[in-house]
Every structure is written in C-alpha cells, then in structure tokens.
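**Q** First the structure, then my questions, so here it is.
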Amino acid sequence: MVGIKEIAKKAGVSISTVSYALNGSPKVTEATRARIQAIADELDYVPNMAARTLKRQQTNIIGVYLADYGGSFYGELLDGIKKGLEAQNFEMIVCSGNKSHLFIPERMIDGAIVLDWTFKNKEIEQYADRGHFLVILDRLITHENVRKVLLDNRGGATLAIEKAVACQTEKLYLISGPEKSYDGQERLSASIKELERFTIDHEIIKGDFTEPSGYQAAKEIMAKEPTFPLDIFALNDEMAIGVYKYFKETPYEIGKDIRLIGFDNIDISAFIQPRLATISYSKHRWGMLAAEKIIQLITGEATEDDHIYTSFIDGSSFPKRGQ
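For the record, in the sequence shown the residue sitting at position 84 is 1257 according to the working numbering, with numbers rising by one throughout.
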C-alpha cells in the first residue's frame, strides 16, 4: 500500500509538504498541491483513515447498531438516520455483531445509535463513563452521555387491545418477541395488563420477531384446536406476515375465521389482503430524532430524551364479530 513517504520521494519534497498538500493546507502553493495530487493519483494512494482519525480526533461517522438487518422494518429508520446525519455533514456505518462494538472504544466512530438487544446495559454504561456518546432506541439507561428516543410500545399495545375489546374478543393469542427485546417485552406486558383489566382470556405463543416464527406460532395455535373466530395479536408485522402465510395453506381465511392485528405498519401491511390491522408510527422520524440527538451530544448542545408515539391503523384483518 502506497504511503506519503513514496509520494514524497517521487515528488522530491518532504513528507510534511505531501501531508500539507493532501490535506488542503495553505502552507503549500496550488501548483505544488496539484503536482503532488497528480503523483498520489498515479500511485493509487488511499488515505489512511485511522491515522487521520488519530490526528483530528473526529471521523464524522456515526455507528448505527442493529441486532440484524432482516425483514422490511429497518429501511425507513435508516433513511431517517441517514438524512438527519447528512444535514450536519455526518455519515453512518451500519453495524451488527460483537466485533463491531470495538469501533466505539477505538474511536473509529464519533458516536453510536443503538437498536440492538445484544448490547448489554453494562457495556453501554461503560462506554458512556469513558466519554463516548450514545443514543439508545431500545432500553432505559440514564447517563449524561446517553440519550433515549423510545417508541411508545405500551401505548401501541394498549390501542391494539382496545380494538380487540371493541370487537368482542373472547380469547386472544399473543405472539411475543425475543425475551431480551425491550420493545417486545414492553408490548407484551402492556397487552397482558390490559387483557387482565378486561378479564379477557389470553395465551402467549413464543416468537422472535421474524416471519418464520410467526408461521410456526400459527401452526402451534392451530395444534391447540382453538374455537373460531380465532383472535391473534402478533407483536410485530413480520410475525403477522408469517401468520398470513400459514393460513394461506389452510381452508381458513384471515378476516373471517382468523382475526389478526400486527405492530409496526411495515410497507407490505397495506398491500396484503385483507389489509392488516396494525400499530403505526413514523420510523423515519424515529431515525431523524436519533440522528439529531447524537449530533447534539457530540457538539455539546442541550438535548433531552424523546418519544415516538403510535396510532392504530384499521384493517379488515380484524373486523367486528359478525362482519
């Protein structure tokens, strides 16, 4: 790999002169800069980002940590983060897996936005204690270097149960998310609380927020020989799509024999038939707010925690009884 030493040797100048030229310093003339840049291009010189980072102490890059990239949920969120960062001349790198956590302590990024249940709270707190800036979207941590932008999971789940109650649900199957998922556990506990308030029978079927787990959950429910209409609240739309796929292979119909509510209002929810009843919120705004908070932390501006609120999107997948 060609370095500035090789460029300096070929140009017949000092290493510092090459450094000044390539970094836009006024200490060299435009003619010298152009000549050195031409030699750098000829030698296929690639700047060493790590070295530049050590010198500048800033990368203008934010790490966005996700547990996985599966499904259609993340597109709007990432677009919101990307646009929010671009407005402040920052870029993002999307990360997954334990090794990428090292970008934070090694200062390869200026801050992190975390929607990744595999991160442990203690790890995040340790980074914050060392002066790193983080915005978290999926847990409760209070620290001067951490800000939260949390989804109103409880409010959304309550809206779903209110719909079920209004539609005279007698028993509701809840397809849960991963046990370590903050969003999933918030939705589940709020649903159970509301169902108990209205003394509605319910049963929890384990899922993991993926489409295959929704398919498997539907299969497990049917093995219990339930009564109809069968009512299901899948705690995210990906699992609800899995439920659709399962019943597509049976004589039973969603919206008639099976009444189904999802959560997230992903794009496909509006196009499947019958239209999925679901809980909606702006994933784009969620991303924009997260980007805003991390930049404010980095620049030392005053910033507070925030929330993203939910609404119910009606759909014929969960009609009133008799309709």
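Where is the CB? At the ideal position from N, CA and C, for every residue including glycine.
For L1227, I'd like the list of residues in its chain whose CB is within less than 6 Å of its CB, leaving aside the five on either flank, ordered along the chain.
**A** For L1227, the predicted structure reports a pLDDT of 48, less than 50, and the residue's modelled location is therefore unreliable. A value from the coordinates is still provided. The answer is none, since no qualifying residue turns up.
**Q** Does the distance from the C-beta atom of I1254 to that of M1265 stay below 8 Å?
**A** Going by C-beta atoms, I1254 is nearer than 8 Å to M1265.
**Q** Report all residues from its chain with a CB closer than 6 Å to the CB of K1200; omit the five preceding and five following residues, and keep chain order.
**A** The answer, listed in chain order, is Y1193.
**Q** Near N1438, what residues of its chain come up, given a Cβ to Cβ distance below 6 Å and the 5 sequence neighbours on each side ignored?
**A** These residues qualify, in order along the chain: T1451, S1453 and I1486.
**Q** Can you give the Cα-Cα distance for N1262 and I1212, rounded to whole angstroms?
**A** When rounded, the distance between both Cα atoms is 29 Å.
**Q** Hey, which unbroken runs of the alpha helix (DSSP H) at 4 residues or more fall wholly within the region 1177–1260?
**A** You should have 1177–1184, 1188–1195, 1203–1215, 1222–1229 and 1247–1259.
**Q** My parser needs the alpha helix (DSSP H) runs of 4 or more residues fully inside the region 1352–1390; what are they?
**A** DSSP runs (the alpha helix (DSSP H)) wholly in the region 1352–1390: 1355–1370.
**Q** Does the region 1373–1389 come within contact of the region 1318–1325, defined as at least 3 CB pairs closer than 8 Å?
**A** Too few Cβ pairs lie closer than 8 Å, so no.
**Q** Look at the alpha carbon of K1353 and the alpha carbon of E1296, and state the distance between them as a whole number of angstroms.
**A** In a straight line, the C-alpha of K1353 is about 15 Å away from that of E1296.
**Q** Run through the DSSP bridge pairs and tell me what S1484 is partnered with.
**A** Beta-bridge pairing links S1484 to S1453.
**Q** Does D1311 have its Cβ less than 8 Å from a Cβ in chain B?
**A** Checking the listed chains, one finds no chain B in this structure; it contains a single protein chain.
**Q** Per DSSP, what kind of secondary structure is V1146 in: helix, strand or coil?
**A** It is not possible to answer for residue 1146, since the shown part of the chain is limited to 1174 through 1496.
**Q** Which residues in the same chain as G1304 place their Cβ atom closer than 8 Å to its Cβ, once the five residues preceding and following it in sequence are excluded?
**A** Here the set comprises N1318.
**Q** Hey, would you say T1232 sits closer than 8 Å to I1177, going by beta carbons?
**A** Not closer than 8 Å, so no.
**Q** Quick check on this structure: which residue in S1455, S1273, I1235 and A1407 has the alpha carbon closest to the alpha carbon of R1432?
**A** The residue with the shortest Cα to Cα distance from R1432 is A1407.
**Q** With burial defined as no fewer than 16 other Cβ atoms inside 10 Å of the residue's Cβ, what is the status of G1257: buried or exposed?
**A** Per the 10 Å Cβ criterion, buried.
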